[in-house]
Amino acid sequence: MAAAQGAGSSSAGPPGAPVSIPGHSSSTAVAVWEWQDEFGRWRPYRGDVCRFIEQGFQASQQKGRRSGSGLVSSSISLGHADASLAPYVIDIPSLTQFRQDTGTMRAVRRHLFPRDSAAEQGIVWEWQNDERGWFPYEMNVCVFLEQAHASRHQRVDLGPLGYNYEVDLVAQVQTNKTTRFCRSVRRRLDNPYPVTAAPAPLHTGAGCSCQQCWLNGGTGPITTRFRHSVTNFPNSSAAPQVSGRTTSGSSSGVGFVPYNKPALSGARSTPRLNAQSSWALPQAGGAVGPSTGLSTSNGVSALNLPVKMSKPSKLNQALAGWWRSLAASAMGLMMAAPTDPEAVVKKYLVEVKGTPADEDCIICMEKLASPSGYSDACECRTIKAEMVGRLTNCQHSFHMLCVLAMYSNGNKDGSLQCPSCKTIYGEKTGTQPKGKMEVSTFPQSLPGHRDCGTIQIVYHISRGIQGPEHPNPGMPYTARGFPRYCYLPDNEKGRKVLELLKVAWNRRLIFTVGTSSTTGESNTVVWNEIHHKTEMDTNLSGHGYPDPNYLDNVLAELAAQGVTEDCLRK
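So, in structure tokens, the structure goes:
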């Protein structure tokens, strides 16, 4: 996907000539097209590629005006702008980039910037990743940083733009405000972006739902740092957010709350979640802070206006087939019969006869001598509300109906885990989506393990449709940041951890579908309580080496998931 930001050819015409809109008296502005990477970041195409896309976009608009249908079905092959981008096609009506050889889809968006901004000058601000590669900020951040640079500000806060970073423009360093982890930044001169006609002067305040804001103010998914599941509260007219696309330009009356795995319902003593959350969308055009005195660019994702399509494009046909394939896979998962919950409970618990001990059931928080707190929500013909059971190995006691409710709210894999001491009964499996685990070695040593080489693990997971074991069955899930690279020392203990990680992978325990603690995005693939080292030679973030306790800690985490040396002897 990195190739999608490569420089395009200059065949699209002289870089300074504006792309005109026939029949409109207009001012001019600078058009920048961006695509969204697997981390949810927006990355601008190179200037010449943007010019080619803009010409295709304007041609689609012109055809739509002639037919009276708005934007017509139109696809733009990026290979005509740059041969290295031959696999990529942009579908204009859906604002989607499609890679034809892999089926990978990316959201794209279009922004118009003033003629005197960094975009017209071709000035790009970039940050350095862990592999020492340089990646551009989204263009509204570049414009903002260039304004601060021109005003001789030393430090700026990117918080109002949705990023948890500060940038020191003199030292050229980006700092995470939470972890204080630092990265290098740089200012670079590139090809200028295309000048195009703007039907009206650009808005400088908050975006609205007018055609100008929709076409010029940036379309596509909102930044993942502020993407959460949408809960409609009383008097809220906003529609739920659809994965990969925003639905409303107004946030009034809408609360944004991270996903929480559904609590066991019906327990009289179960605490209730407070739905009134403090999460909120950043306001466009807000002040950056007292240290800058600058205002942010208009980067609000506006309404998705309905588009009348004259006929399906090739991309839409391909996407329809892709979704049908995913839906068929999801239906296959849903047809799988779960292990009988009552049989599992009776397999691992022995009923306690007589008067139970004077203690609480830690699942429902009712006395064991009282009926289960789930008696009004979980019905069973053979397990009664007053029945108490004791787990066979750890000897902890619970209402058997409570254990039944707990098991039924999990992925029903035939195993139980004691909610008190975490002892696992049976073989625990998780909800990790389908993927691939690759292992290789190389001679370079990790800090703290200079006497051996390195094991590299690469995890591959693609986005798909959630199965019945996931939070929202039938809904899409994203898979950001894949492939993920992880590292172990190639010594005896490191190889032992590797073999246990293979067992955990096969049991679907490494990843799950939930809410990212980093970005707040829900319905996405996240790590699942088994920590990995994703960096080799820096441990400022806690994800690298040296770390003398890591191997022992990860062995303990694996054991908590029921993955121990005994698994290797089977």
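Quick note: to get my numbering, add 109 to the position in the sequence shown (first position is 1). Just so it is clear, CB atoms sit at the ideal spot from N, CA and C, and this is done for glycine as well.
{"query": "Return the first residue and the last residue of the beta strand (DSSP E) that GLN283 is part of.", "result": "282 to 285"}
{"query": "Could you name the residues of the same chain whose beta carbon sits closer than 7 Å to that of TYR274, not counting the 5 residues immediately before and after it, in chain order?", "result": "LEU267, GLN283, THR284, ASN285, LYS286"}
{"query": "Have a look at TYR596, MET248, MET515, SER524 and flag the residue whose alpha-carbon is nearest the alpha-carbon of PRO566.", "result": "For the sequence presented, residue 566 should be read as Ile rather than Pro. Looking at the Cα atoms, TYR596 is the closest of the given residues."}
{"query": "With DSSP as the reference, label VAL279 as helix, strand or coil.", "result": "coil"}
{"query": "Skipping 5 residues on each side, what residues in its chain have a beta carbon closer than 7 Å to that of ALA140?", "result": "CYS159, GLU163, ARG219, LEU221, TYR302, PRO303, THR305"}
{"query": "So, for ALA613: in the same chain, excluding its five sequence neighbours on each side, which residues have a beta-carbon less than 7 Å away from its beta-carbon?", "result": "ILE619, ILE639, LEU667, GLN670, VAL672"}
{"query": "Which residues bound the alpha helix (DSSP H) around MET645?", "result": "Looking at the DSSP string, MET645 is not in any alpha helix (DSSP H), and its letter there is neither H nor E."}
{"query": "Using the Cβ count rule (16 or more neighbours within 10 Å means buried), how would you classify ALA478?", "result": "exposed"}
{"query": "Between the C-alpha atoms of THR621 and GLU547, what's the straight-line distance to the nearest angstrom?", "result": "18 Å"}
{"query": "Tell me the residue span of the alpha helix (DSSP H) that contains SER515.", "result": "According to the sequence displayed, residue 515 carries Met and not Ser. From DSSP, the alpha helix (DSSP H) with MET515 extends over 509 to 517."}
{"query": "Tell me which same chain residues have a C-beta within less than 6 Å of the C-beta of SER549, skipping the five on either side of it?", "result": "GLN565"}
{"query": "By DSSP, does ILE162 sit in helix, in strand, or in coil?", "result": "helix"}
{"query": "Below 8 Å on the Cβ atoms is my contact criterion, and I expect CYS251 with TRP234 to pass it. Report the Cβ-Cβ distance as a whole number of Å.", "result": "5 Å"}
{"query": "Do you know offhand how far THR137's Cα is from ARG261's?", "result": "28 Å"}
{"query": "Is the beta carbon of LEU697 less than 9 Å from the beta carbon of LYS605?", "result": "As shown, the chain starts at 110 and ends at 679. That puts residue 697 outside it, with no answer to give."}
{"query": "In this structure, does DSSP put ASP661 in helix, strand or coil?", "result": "helix"}
{"query": "Which residues in the same chain have their Cβ closer than 7 Å to the Cβ of ASP599, if we skip the five residues on either side of it in sequence?", "result": "THR550, CYS561, GLY562, THR563, ILE564"}
{"query": "Which of the three DSSP states is assigned to SER184 in this structure?", "result": "strand"}
{"query": "List the residues that DSSP assigns as beta-bridge partners of GLU247.", "result": "Answer is none; GLU247 lacks a bridge partner."}
{"query": "Please classify THR587 as buried or exposed, where buried requires at least 16 neighbouring CB atoms within 10 angstroms.", "result": "buried"}
{"query": "Taking all protein chains shown into account, do 16 or more other C-beta atoms lie within 10 angstroms of the C-beta of ALA452, making it buried, or fewer, making it exposed?", "result": "exposed"}
{"query": "Note down the Cα distance separating VAL217 from SER631, rounded to an integer number of angstroms.", "result": "21 Å"}
{"query": "Can you tell me whether ILE471 is buried or exposed, with buried defined as 16 or more other CB within 10 angstroms of its CB?", "result": "exposed"}
{"query": "Let me make sure I understand the geometry here. Which of SER529, PHE591, ASN520, ARG616 has the alpha-carbon closest to that of GLN575?", "result": "ASN520"}
{"query": "DSSP on GLN263, reduced to helix/strand/coil?", "result": "coil"}
{"query": "Rounding to the nearest angstrom, what Cα-Cα distance links ARG224 and GLN230 in this structure?", "result": "9 Å"}
{"query": "Where does the unbroken alpha helix (DSSP H) through ALA227 begin, and where does it stop?", "result": "227 to 230"}
{"query": "When DSSP labels each residue in this structure, what does GLY623 get in the three-state scheme?", "result": "strand"}
{"query": "Using only alpha-carbon positions, find the residue among ASP277, GLY271, ASN518 that is nearest to ASN581.", "result": "ASN518"}
{"query": "Please determine, among HIS558, ARG241, LEU194, MET515, the residue with the shortest C-alpha to C-alpha distance to ASP157.", "result": "LEU194"}
{"query": "Going by Cα to Cα distance, which pick from HIS189, LYS172, ALA192 is closest to PRO202?", "result": "LYS172"}
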